[in-house]
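Just so you know, the sequences run in chain order X and G. Under the working numbering, residues 52 to 396 are what the first sequence spells out, in order. Under the working numbering, residues 52 to 396 are what the second sequence spells out, in order. Where is the CB? At the ideal position from N, CA and C, for every residue including glycine. Have a look at the structure below before the remarks.
Protein chains: 2
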Amino acid sequence: MSRFPNRRVSIKDVASAAGVSLQTVSRVVNKSANVAEPTRERVLQTIHELGYRRNEIARNLIQGRSHSLGVVCAGLDYFGGRQINGGITAEAEIQGYSLLLKEHQPSDPTPPDTFVQSLLDRQVDGFLWMLSDNTADHDQILDTLVKKYGLPVVAMVNPRNPDVPHAAFDNFSAGLMATRHLIERGRRRIVHIAGLPRSWEAQERVRGWRVAMQEAGLPAGDDRLCYGNWGPEGGVAGLQELLVRHPDLDAVFAGNDNTALGAMLEAHRRGKHIPQDIAFIGVDDTKGAGWFFPPLTTIRQNRVEMGRQAVRMLISMIEARFAGEETVPVTNYVHPPELIVREST
Amino acid sequence: MSRFPNRRVSIKDVASAAGVSLQTVSRVVNKSANVAEPTRERVLQTIHELGYRRNEIARNLIQGRSHSLGVVCAGLDYFGGRQINGGITAEAEIQGYSLLLKEHQPSDPTPPDTFVQSLLDRQVDGFLWMLSDNTADHDQILDTLVKKYGLPVVAMVNPRNPDVPHAAFDNFSAGLMATRHLIERGRRRIVHIAGLPRSWEAQERVRGWRVAMQEAGLPAGDDRLCYGNWGPEGGVAGLQELLVRHPDLDAVFAGNDNTALGAMLEAHRRGKHIPQDIAFIGVDDTKGAGWFFPPLTTIRQNRVEMGRQAVRMLISMIEARFAGEETVPVTNYVHPPELIVREST
DNA sequence: CTGTTAGCGCTTTCAG
DNA sequence: CTGAAAGCGCTAACAG
Numbered sequence: 052m053s054r055f056p057n058r059r060v061s062i063k064d065v066a067s068a069a070g071v072s073l074q075t076v077s078r079v080v081n082k083s084a085n086v087a088e089p090t091r092e093r094v095l096q097t098i099h100e101l102g103y104r105r106n107e108i109a110r111n112l113i114q115g116r117s118h119s120l121g122v123v124c125a126g127l128d129y130f131g132g133r134q135i136n137g138g139i140t141a142e143a144e145i146q147g148y149s150l151l152l153k154e155h156q157p158s159d160p161t162p163p164d165t166f167v168q169s170l171l172d173r174q175v176d177g178f179l180w181m182l183s184d185n186t187a188d189h190d191q192i193l194d195t196l197v198k199k200y201g202l203p204v205v206a207m208v209n210p211r212n213p214d215v216p217h218a219a220f221d222n223f224s225a226g227l228m229a230t231r232h233l234i235e236r237g238r239r240r241i242v243h244i245a246g247l248p249r250s251w252e253a254q255e256r257v258r259g260w261r262v263a264m265q266e267a268g269l270p271a272g273d274d275r276l277c278y279g280n281w282g283p284e285g286g287v288a289g290l291q292e293l294l295v296r297h298p299d300l301d302a303v304f305a306g307n308d309n310t311a312l313g314a315m316l317e318a319h320r321r322g323k324h325i326p327q328d329i330a331f332i333g334v335d336d337t338k339g340a341g342w343f344f345p346p347l348t349t350i351r352q353n354r355v356e357m358g359r360q361a362v363r364m365l366i367s368m369i370e371a372r373f374a375g376e377e378t379v380p381v382t383n384y385v386h387p388p389e390l391i392v393r394e395s396t
Numbered sequence: 052m053s054r055f056p057n058r059r060v061s062i063k064d065v066a067s068a069a070g071v072s073l074q075t076v077s078r079v080v081n082k083s084a085n086v087a088e089p090t091r092e093r094v095l096q097t098i099h100e101l102g103y104r105r106n107e108i109a110r111n112l113i114q115g116r117s118h119s120l121g122v123v124c125a126g127l128d129y130f131g132g133r134q135i136n137g138g139i140t141a142e143a144e145i146q147g148y149s150l151l152l153k154e155h156q157p158s159d160p161t162p163p164d165t166f167v168q169s170l171l172d173r174q175v176d177g178f179l180w181m182l183s184d185n186t187a188d189h190d191q192i193l194d195t196l197v198k199k200y201g202l203p204v205v206a207m208v209n210p211r212n213p214d215v216p217h218a219a220f221d222n223f224s225a226g227l228m229a230t231r232h233l234i235e236r237g238r239r240r241i242v243h244i245a246g247l248p249r250s251w252e253a254q255e256r257v258r259g260w261r262v263a264m265q266e267a268g269l270p271a272g273d274d275r276l277c278y279g280n281w282g283p284e285g286g287v288a289g290l291q292e293l294l295v296r297h298p299d300l301d302a303v304f305a306g307n308d309n310t311a312l313g314a315m316l317e318a319h320r321r322g323k324h325i326p327q328d329i330a331f332i333g334v335d336d337t338k339g340a341g342w343f344f345p346p347l348t349t350i351r352q353n354r355v356e357m358g359r360q361a362v363r364m365l366i367s368m369i370e371a372r373f374a375g376e377e378t379v380p381v382t383n384y385v386h387p388p389e390l391i392v393r394e395s396t
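Spelled out as structure tokens, the structure:
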């Protein structure tokens, strides 16, 4: 077998078969003007016959760009987590960009910089950053990417670095909306089981809860707050702890749907009726939440739309860069929360 | 701004800075033998100072291979679905391969061949095939890939094409195991709410259920079987229908955990006690299943391990190909089911 | 042990 | 409108 088992028909093959120069074929392929119609036809015919397709690698080399995006994400296996979604793949496809995927698992000691470098070696034109901000070196790596290399980056997480545009969820409003809903439903002793304490998203939701409680004149001290891990385990442990402190609590705002799932299980085990004894609300509207027992009221986070927006922002930055424009400030996209009322409240 | 905003330090820069030829730098970078130690040191030093990194695109071009894998998957958003996972990303990373991701959404009319071609244009060395077999042209595309192009492909789905090695779950044994567990628990009137009727995986699980029932001398006719859509909706509808046909059913084998989730919700709504009145078992062990109400007994499918195996198989095929070996038959990997007993049975 | 030459497949520039 | 030449960054083959 040849050393190049994957060799395909090249532009040269087409050129000689059609009796024209490489240049002409290139022009036809790239839909450049200056080609006589008969020539164009003939070349197109040859291309079709030979099944020619442009080698993107070769094109990348000479153009100094790859039409591909580096995606750095965390925890693909993480249930309901921050991950690559249909919005991202679909939008990239529409715009003619490919996706190079790297995953940084939370347990992985490899610094994320390794992934970034490896992506850079493959000449990605920009980065879609989906690592959560509590990863080691997070801020510094983003800084290097943006300041030193001047590369386009769009984050779908903590926009702590003001130089990095982001497409993110309005976590604060989500917390506000969830808590207000519980209050409107007549609940007064509302506790909050938050996500990971070091997470910006968790903190914002906590803040929303606090503000909503305060504006209603309800207590929202640290004794009514508990941190978990975004998983059901955290919900179980959180409700246990909060019931010790406040046996009379009448509603739980869970940091996300998974936390709510665990908390509801714990409530069932204690013979509490949902929502009569305790109401529950989550955040995310993960697939499945509508079939929890009881179906969970939640704040929907449309991650597909967010992904779509992020890709659009990133590509517009890339195109501007290659067009030689100065760095244009890109406006952030903040995704609004949406209340989905079901039977748990 | 230059036409090449992403230009980096090249091998040429290193060569002139270190006062050696391109070749010597290349040899150092590729850890080739024939380099004098002092020279090597000096080059390494220069590389470090200049922050040189090899341009993989250029390397790909001349080597005719890209050290990247094309991943064609279905429904990233699909809850608990067949998707790219930590096993895949981690194993590819370890072996020094990149992942180029394409998603074919079920609703997308674009033929999957488009994705395949686009991946080929980017010179992927092989394919990880995660499209379900009911996609249009599925078999034909795989055939072309393998027979015509002779490209390495590993499937994580329906191994209907014997030329395509696969890393798949033992769906039949899963059905057998689930049903036997229910029988051992003393259940006799066991119904099955399966997945999509056209899916091979669903059919295999159905077959497992049938065999287990028959070997126990229990009835397993079509009247005790119902097809869904792998989602909770299917579980709700399925249980409703089966309860009409068999009001005395005492156990449900759900095609997957999501189906079980929906079916359990419907059971709760009818005031049935789980597992006293009806026992439930699922397949998958999705994150969350352990916190359903009640926690779901299920057959675990370790997709991370399956992903890892698939990547290993694929890379070994690729390496063999580039080493000039004849196509070596790769042994399939069949992942064993694992029973996880919880409170729903 | 080291350097030179050629060329992967393509696009860009410049001549005709 | 078309072609020739140069070269993106790298590695393979061959000299020395």
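- Secondary structure remark: continuous alpha helix (DSSP H) runs of at least 4 residues inside the stretch 65-119 of chain X, in chain order: 73-80, 88-101, 107-114.
- Within chain G, Asn57, Asn106, Glu107, Ile108 have C-beta atoms less than 8 Å from the C-beta of Gln174 of chain X, given in sequence order.
- DSSP places Phe373 of chain X in the helix class (H, G or I) of the three-state scheme.
- Inside the stretch 131-166 of chain G, DSSP marks whole beta strand (DSSP E) runs of 3 or more residues at positions 149-155, from first to last along the chain.
- Under the Cβ distance rule, Leu171 of chain G counts among the residues neighbouring chain X, one pair being separated by less than 8 Å.
- Thr396 of chain G sits in coil when the DSSP states are folded into three classes, being neither helix nor strand.
- For Ser77 of chain G, no CB of chain X lies under 8 Å from its own CB, so it is not counted at the interface with that chain.
- When the Cα atoms are used, Asn136 of chain G and Val295 of chain X turn out to be separated by approximately 39 Å.
- Contact annotation: Phe304 of chain G and Glu255 of chain G have beta-carbon atoms that are not nearer than 8 Å.
- The C-alpha of Phe166 of chain G lies about 16 Å from the C-alpha of Val197 of chain G.
- In this structure, G:Gly102 is the residue among G:Asn309, G:Gly102, G:Asn57 with its C-alpha nearest to the C-alpha of Ala68 of chain G.
- Here Phe55 of chain X is exposed: its Cβ has fewer than 16 other Cβ atoms, across all protein chains shown, within 10 Å.
- Out of X:Pro162, X:Val79, X:Ser119, X:Gln134, the CA that lies nearest to the CA of Glu144 of chain X is found in X:Ser119.
- In chain order, Leu171 place their CB closer than 8 Å to the CB of Tyr200 of chain X, counting only its own chain and leaving out the 5 sequence neighbours on each side.
- The beta carbon of Glu154 of chain X falls within 8 Å of a beta carbon belonging to chain G, placing the residue at that interface.
- From the listed residues X:Ala340, X:Pro216, X:Leu151, the smallest Cα separation to Gln360 of chain X is found for X:Pro216.
- Straight-line spacing of the CA atoms in Asp188 of chain X and Asp273 of chain X works out to 29 Å.
- Close to Pro283 of chain X, with beta-carbon spacing below 9 Å, are these residues of chain G in chain order: Lys338, Gly339, Gly341, Trp342.
- In this structure, the CA atom of Gly358 of chain G is about 42 Å from the CA atom of Arg78 of chain X.
- Membership of His217 of chain X in any beta strand (DSSP E) is not indicated, and neither H nor E is assigned to it by DSSP.
- Arg351 of chain G sits in a strand when the DSSP states are folded into three classes.
- Beta-bridge analysis with DSSP links Val123 of chain G to G:Lys153, G:Trp180.
- When DSSP states are grouped into helix, strand and coil, Asp172 of chain X belongs to the helix group.
- The beta carbon of Val379 of chain X is closer than 7 Å to those of Ala371 in its chain, skipping five residues each way along the sequence.
- Around the beta carbon of Gln327 of chain X, fewer than 16 other beta carbons lie within 10 angstroms, which makes this residue exposed.
- Contact between the stretch 96-112 of chain X and the stretch 153-169 of chain X is absent: fewer than three C-beta pairs spanning the two stretches fall below 8 Å.
- Annotated three-state conformation of His232 of chain G is helix, per DSSP.
- Taking the Cα of Ile139 of chain G as reference, the smallest distance to any Cα among G:Ile113, G:Arg116, G:Arg173, G:Met181 is reached at G:Met181.
- Setting aside the 5 residues that flank it on each side, Val362 of chain G is surrounded in the same chain by Ile139, Glu142, Ala143, each with a C-beta closer than 6 Å to its C-beta; the list follows chain order.
- Rounded to the nearest whole angstrom, the CA to CA distance from Ser72 of chain X to Ala87 of chain X is 14 Å.
- Taking 8 Å as the upper bound for CB-CB distance, Ala225 of chain X and Pro388 of chain X are in contact here, some 4 Å apart.
- Taking 9 Å as the cut-off between beta carbons, the residues of the stretch 202-236 of chain G near chain X are Leu202, in sequence order.
- Exclusion of the five residues before and after Tyr384 of chain G leaves Ala218, Gln360 as the residues of its chain whose Cβ lies within less than 6 Å of its Cβ.
- With a cutoff of 8 Å on beta-carbon distance, Val122 of chain G and Thr97 of chain G are scored as not near each other.
- Ile244 of chain X carries a strand assignment under DSSP once its states are collapsed to helix, strand and coil.
- Taking a beta-carbon distance threshold of 8 Å, Ile350 of chain X does not count as an interface residue toward chain G.
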